Structures are given as structure tokens and as C-alpha cells.
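Q: Protein chains in written order, with my numbering: chain A, 138 to 458; chain B, 138 to 458.
Glycine included, each C-beta is placed from N, C-alpha and C at the ideal position.
Computed from a prediction, not measured in an experiment: that's the story for all the values here.
2 protein chains.
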Amino acid sequence: MQQAKTGALGFDIGGTKISAAMFDGNAVISDVQKVPTPSGSQAIIEAFLKLIAHFQADYTVSGIGIATAGIVDTVEGYPVTGTNNIPGWAGTQVKRIIEAKTNIPVYVENDANAAAYGEAKSQSLATSPCTIVITLGTGIGGGILLNGNVYHGYEYGAGSVGHFRICSENRRQCTCGMFDCWEAYGSGIGLMATAREVLAASKPQETRLFENEKDLNAQVLVAAARSGDPVAKIITDKWHGHVCAGLAVLLHIFDPEAYILTGGLSEFVDLPFLAALLKEQTYPGMAQKLRIYKSTLGPNAGLIGAAHLILDALASEKVKQ
Amino acid sequence: MQQAKTGALGFDIGGTKISAAMFDGNAVISDVQKVPTPSGSQAIIEAFLKLIAHFQADYTVSGIGIATAGIVDTVEGYPVTGTNNIPGWAGTQVKRIIEAKTNIPVYVENDANAAAYGEAKSQSLATSPCTIVITLGTGIGGGILLNGNVYHGYEYGAGSVGHFRICSENRRQCTCGMFDCWEAYGSGIGLMATAREVLAASKPQETRLFENEKDLNAQVLVAAARSGDPVAKIITDKWHGHVCAGLAVLLHIFDPEAYILTGGLSEFVDLPFLAALLKEQTYPGMAQKLRIYKSTLGPNAGLIGAAHLILDALASEKVKQ
């Protein structure tokens, strides 16, 4: 019988699904399993245990890394709060329960932080003094890596970068209830709000965007802008300005080595244009050596990052022994 | 003959003066010497050497800490740039030159960072996961302390917190040339600009501030607001809102344990009012456990912090031996 391959099992749990795959420190070495997120703490734990048993049939699981939505206590290993889209999940002692059931070490981290860790590792920024990973999706999330470690803040609330304000006029309400958060402009929701504002001030003869207005999305906007539609260009230029506004704030505060952009919207970012905007809008010289990358891991960043985290935790404990 | 007291000699060099005093790790143990900042690198070094000799007459100087304006390379120990108000100073190899001349170990740090280090040490926040010290003076400066260490960023540019934008309308130009920097609103210059805007929209019968309009300053404004002048109250309330705007940005990013406010304007801050504004303007729950303090070291924070830094560097090297 062939010996089972060894690796860490990475999970990523969100409001709609749980993804899981085996990772050996360099690459995903299994298929990626996806199951719908069940309702309630007990059902979720059972789903995890079932997936663990599935992978144990073919692999030796040396550690389990779990990326989850919400604010996570990484010492105790559980989601504390901010998991409204996963009913019953907040407060579940994930690490304690799964370690007791499986006898395998578990590491739990916020999904944006785990993805950031995975991305930085994959782009040779694992020991960077400061690398910031920004997720441009429906909302905006962020993971801040300092000297290779996820920065958590005093109470694991650091990196709520989607919710600092980039203007002060109470012009746009964010999904969080506050006004003028970065997320209300730079996210997918923000981009579509900008599109509606610009279209409301445009005439039908100026743009073809009115033709399928109800099906308008980021992909259509970017394609139209690239094909020369002037109104689409105004919208996507404004969106780049909004993305830049938040990156400029973070640049003045952190002087990072690199930004990594991830999430569904990151593919629509024009990196040279964004870099030029950043140089214009920051303190002279600050953006000179900054590098901006796009994600290389795509949608598996969270589970890969979580797997990296448990592997690195196991390795550092080995060093201690 | 009595044995000479031992301690670190702390310096603080700015555009107008050099301050220096002996510090034993707990308190300043000498008088504070102040000399005008001379012009040119060589003259400044000579001024330092003269002050060192002055203190060596009465004290054993075990280390020298230097707080300076500008962006500082703390490894090589010299101001790299950003010292326009100290002609000839940028690029001077302070650490190398003074160590060669005196045979005493030297540590050089940016003045805001040194002050931050001193303040955190004096308020039992020396090992805090995150404490941010904000200097509210003519401008706005900041020092970010993570796990007791000054955070420098990739190229020592971190903490340029005065120059992230708090709004986006290009309404006020900052002294740096950009628009709408936090400093353009929350600093002394910002407060006076707000005063001028509010007064331009006010009538003489509404306020007594017009009586000495040309002598208007922060102290007069705050005194008038406290004595019930409604226009002065509008101005100082707006200023608190502007100070809050920057603190709210930093709160979402860092989830800090504490803010320490220092600089000439910090004495005019109404802490309970500021804390209430911050709770209103941040993600629910984030500001709940935050503590906000005012400086306890006053104008000597920079030289005390620099002295702390060299003493701690010497102590950690002892541990290594």
C-alpha cells in the first residue's frame, strides 16, 4: 500500500459555503471540496468533522487551519463576533471542539487575515516589514502583515479597513450604517453606486451603458470603458480614485513594502493607473518604492493561508522543543 | 569626592533649538539645557559635543539618545530627509560621528517616535499591543508603538499620520502642498483656519471673538467657548470633530489599546467629548475599550523618549551577551 501523503487541511467558511483542501506547504495536493454552510453551530461542526474524515481516507492530516468570517480570537481559536451571515457560529469554540474530537492541532483565523497570509507567502513577502492585502469584493476587507505576522490589534479588531472614512460629507451610507466608509466607494457595491450617480447625470446618446442598465455590473463597465465608452471611462476612473483614496491613507500610516489586491474586483484594477494616482495623492516620495500586486491564489487564498498558519505554528513549536 | 550619577543623555533637536538633559530611566536628573540650533551639519555636531562635555563634568553618560525632526534611519542612526527646517542636517551621520568622537553608544530616532516611546513608557503602556501617540501642535505628528516597539514601516516613513486625507473635496490645502490632510484641520493651523471660516459666516453681535480678532489663538478660542460664546463653541466643536476624524481612521486600522495626545494643542482637548464623538463615528463596539490619555511628559517627551531608547538598546544588548 502506498503511504498516505501528509499535509495540513485548510478550511474557508463563509455565509454560503465551506471549502476545504489538503495543502503541503507549497501547493494544494487534493481536490477542493465544497459544501453548503449548514445552519447552527452543531451542524457546522459536524460538516467540518465529515470533511476531515473524507480527507483522512487519503491523506495524513498533520494540522487543521480554519479561515472564517468574523472577528477571531486566534489564541482561543474561535469566532467572537461579526458572523451575522453564519447564524449560530459566533462563540463556537471551534479549536477546542475539533481538537478534542480529532486530536489534530487546529488554528483559526479571520478569513481576510488568512488570505493575506497565504498571498504574502506565495509572493515572497512572508517576512516583509509590512505587506497589506486588500480584498476588493462586494465589500472591502484587509489583512495587515507586519514582519510576517498577522497584525490583530488590541482585541482582534484591526484591519477593519473597509470602514474608515474617505470623505466627510455623509454622502453615501455604508452597509454598516455609517457614512462615507471606504467600502461605500471602493467595493463592488460602491462601484455600482458610482455608476448610478454618473448615469443619472448622463444622456442616452453619450453612452451605450443605458442599453442593458439593469444588467450593469463591474465586468460590463470595465469592458465598455476599455472599448472607448466615455461615460464608462468616467465611472471606472472614479472607482480607481476611490480605491486609491483608501490605499493612500494606509500608505501614510504604514509605509508598506507592498499591497496585494485580491477579491473579485481586483481583476478590473488597472495597476499602472492606480500606481500613478497613488503617487499624485501621497506625500512626495512615499509611493516611490511601493509595489502593488494582484492576487495569485484567487478564491483558495483563505484556505491556503489557514493551512500555512497551522503548518507554521507546528513548525515554530518544533523549534521550541 | 562624590561619585558621578550615571544615566543617558537625551537630546531633542528641532528647527529652533536643541534641548538636552540627563535621564536615569525614571526621571530627568539634571537641568534641561537649551541652545539655539546652529546652521550646518558641522556646527550642529559641535553643539552636541559641547553639550555632551557639559554634562560629562557632573554625570557618567552611559548612552546618548537623539530625537530629531525628519525621517530617521534608526539602524545607521541619521536623519535621511524631511529636515528642511534644520539646514544641512539631512544626511549627517550623527550616530557614527558622535560615537567616534565620544566612544559612547548613540541611538537616533524621529522626534515624534521618540516622544511616543517616552509617553508610552511613562503611562505603563510600554508593552501594549498597540498605543498610538498623536502630537497636536502647529502640525500633526504621530508615533505608532506595537508591542512596545516603534513601528517604522518599510523605509522609516510610517506614522506620517498628519498627511492622510480626512475628506476629499480639495477644500483646504495643507502646508505639504496636498489637499485635505488631517493636519490641515486638526492641527493648530487647522483650528485657526476653521475659526476664520466660521467667523466669516458670523455676525459681530453673535460673538466677542471679533473684539481681538487679530490676536485670536487656540487659548482664546477655548476660553471663549468655555465661557459660553456660541460661535467659539461652534469652532472648538468642529475642531474636536476634525481631531476625531483622524483618530477614527486609525481606530479602524489598528484597534489600539490607547491613544496618548500630546503637543501644545492637546491641553485644549475635551477628552469625554472626543471619546463620545469617536464612539459615534466608528464601527459599533470598536471604541468601547479604547483609552485616551493626555501627555504626562510635556515638552521633554522627545529627549526622555530618546534617552529611554538608548537605555533599552543597551539593556537588550546586555541580555544578548
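#1: Starting from Cys381(B), trace the alpha helix (DSSP H) in both directions and tell me its first and last residue.
#2: With Gln356(B) as the anchor, note down where its alpha helix (DSSP H) starts and where it stops.
#3: How is Met423(A) classed by DSSP in three states: helix, strand or coil?
#4: Are Gly323(A) and Val380(A) touching if we call contact CB-CB under 7 Å?
#5: Please compile the residues from chain B whose C-beta is within a distance smaller than 8 Å of the C-beta of Lys426(A).
#6: Beta carbons nearer than 7 Å to chain A: which residues of the stretch 344 to 374 of chain B have them?
#7: Specify, as a first and last residue, the run of the alpha helix (DSSP H) that Val231(B) falls within.
#8: For the stretch 350 to 365 of chain A against the stretch 267 to 276 of chain B, are there 3 or more C-beta pairs whose distance is under 8 Å?
#9: Note down, one range per segment and in chain order, each beta strand (DSSP E) of at least 3 residues found wholly within the stretch 172 to 228 of chain A.
#10: In the DSSP output, which residue or residues are listed as bridge partners for Val165(B)?
#11: I'd like the span of the alpha helix (DSSP H) that includes Ile326(B), first residue to last.
#12: In its own chain, which residues sit with a C-beta less than 6 Å from the C-beta of Gln230(A), not counting the 5 before and 5 after it?
#13: Is there a C-beta anywhere in chain B that falls below 7 Å from the one on Ser297(A)?
#14: Would the beta-carbon of Ile208(B) fall within 7 Å of that of Val217(B)?
#15: Quick check on Ile302(A): buried or exposed, where buried means 16 or more other Cβ atoms within 10 Å of its Cβ?
#16: Residues of chain A with CB closer than 8 Å to the CB of Ala385(B), please, in chain order.
#17: In the stretch 249 to 280 of chain B, which residues sit with their C-beta less than 7 Å from some C-beta in chain A, listed in chain order?
#18: Less than 7 Å separating the beta-carbons of Gly296(B) and Gly442(B)?
#19: Checking the sheet assignment: what are the DSSP bridge partners for Thr399(B)?
#20: Anything in chain B within Cβ reach of Leu283(A), meaning under 9 Å, just list it in chain order.
#21: Ala252(A) by DSSP, collapsed to three states: which one?
#22: Looking only at C-alpha atoms, which of Glu334(A), Leu451(A), Ile429(A) sits nearest to Thr373(A)?
#23: Using a threshold of 7 Å, state whether the C-beta atoms of Ala158(A) and Leu451(A) are closer than that.
#24: Opposite Ile277(B) in the DSSP bridges: which residues?
#25: Quick one: which chain A residues come within Cβ less than 9 Å of Glu394(B)?
#26: Considering only their Cβ atoms, is the gap separating Leu387(A) from Lys431(A) smaller than 7 Å?
#27: Under the three-state reduction of DSSP, which class applies to Ala263(B): helix, strand or coil?
#28: Just the chain B side, please: which residues come within less than 7 Å of Cys313(A) by C-beta, in chain order?
#29: Counting along the chain, where does the alpha helix (DSSP H) carrying Lys431(B) start and finish?
#30: Is the distance from the Cβ of Ser305(B) to the Cβ of Cys304(A) below 7 Å?
#31: Within the chosen definition, does the stretch 185 to 200 of chain A reach the stretch 144 to 155 of chain A through at least 3 CB pairs nearer than 8 Å?
#32: Could you name the residues of the same chain whose beta carbon sits closer than 6 Å to that of Ala321(B), not counting the 5 residues immediately before and after it, in chain order?
#33: So, Leu402(A) versus Ala438(A), is the Cβ gap smaller than 7 Å?
#34: Give the DSSP-derived three-state secondary structure of Ile441(A) in the structure shown.
#35: Roughly how many angstroms lie between the CA atoms of Ile189(B) and Gly219(B), to the nearest whole one?
#36: Counting only C-beta atoms, is His389(A) closer than 7 Å to chain B at any point?
A: The relevant details are as follows:
#1: 367 to 391
#2: 355 to 363
#3: coil
#4: yes
#5: Tyr291, Glu292
#6: none
#7: 231 to 239
#8: Under the three-pair Cβ rule at 8 Å, the stretch 350 to 365 of chain A does not count as touching the stretch 267 to 276 of chain B.
#9: 196 to 205, 208 to 210, 215 to 218
#10: Phe160(B)
#11: 325 to 337
#12: Tyr215
#13: Yes, because at least one Cβ of chain B sits closer than 7 Å to the Cβ of Ser297(A).
#14: yes
#15: Looking at the sequence shown, residue 302(A) is not Ile but Arg. Classified as buried, Arg302(A) has 16 or more neighbouring CB atoms from the shown chains inside 10 Å of its CB.
#16: Phe301, Arg302
#17: Pro266, Cys267
#18: no
#19: Thr272(B)
#20: Leu283, Tyr288
#21: Residue state, collapsed to three classes: helix.
#22: Glu334(A)
#23: no
#24: In the DSSP output, where bridge partners are listed per residue, Ile277(B) has Leu273(B).
#25: Gly290, Tyr291, Glu292
#26: It is not a contact, given that the beta carbons lie outside the stated cut-off.
#27: Note: Ala263(B) maps to coil in three-state DSSP.
#28: Tyr420
#29: Note, Lys431(B): premise wrong, no alpha helix (DSSP H); beta strand (DSSP E) at 428 to 431.
#30: yes
#31: Counting C-beta pairs closer than 8 Å gives three or more between the stretch 185 to 200 of chain A and the stretch 144 to 155 of chain A, which meets the contact rule.
#32: Arg309, Cys311, Gly327
#33: no
#34: helix
#35: Taking the straight line from one Cα to the other gives about 25 Å.
#36: yes
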